[in-house]
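In the numbering used here, the protein residues as written are 827 to 968.
Ideal Cβ placement from N, Cα and C applies to all residues, glycine included.
Keep in mind it's a predicted model, so treat the numbers as computed, not measured.
Worksheet: one structure, shown below.
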């Protein structure tokens, strides 16, 4: 299993191969299309990420000592963005998620190429991932 840093490097490498932002947007949309579907029972109000322009649902479960995230969105770009974030943080230990940086977002230029609302949604997605990690980490400490 790859570390958070290794996955971020893979993403940076993938985006570096795409020169134009139009191609990067297309890639993000393709990633969203490939996102495994979240179970319908998790598309509920409590799993909606506040602050996103589109509806974005995020669910987390522990699988052994790692968190597995599933998500969906009704917006193509948002779905692609959450798929990138899930790719980085799913199947990782809560402590590793809490300690991880998200430099890959700045490195690939994602936030500055999103509209302000989508940029705020990106921040909300990352915050919700960290909240889940904090909850599961604190449960494992007990």
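The alpha-carbon separation between residue 866 and residue 920 amounts to approximately 25 Å. The beta-carbon separation of residue 930 and residue 838, rounded to 5 Å, stays under the 8 Å limit for a contact. The criterion of a C-beta distance shorter than 8 Å is satisfied by residue 911 and residue 951. For residue 898, the number of other beta carbons within 10 angstroms of its own is at least 16, and it is reported as buried. Under a 10 Å Cβ-count criterion, residue 928 is classified as buried, with 16 or more other Cβ atoms of the shown protein chains found around its own Cβ. Counting along the chain, the unbroken alpha helix (DSSP H) around residue 909 starts and ends at 902-915. In this structure, the CA atom of residue 876 is about 11 Å from the CA atom of residue 943.
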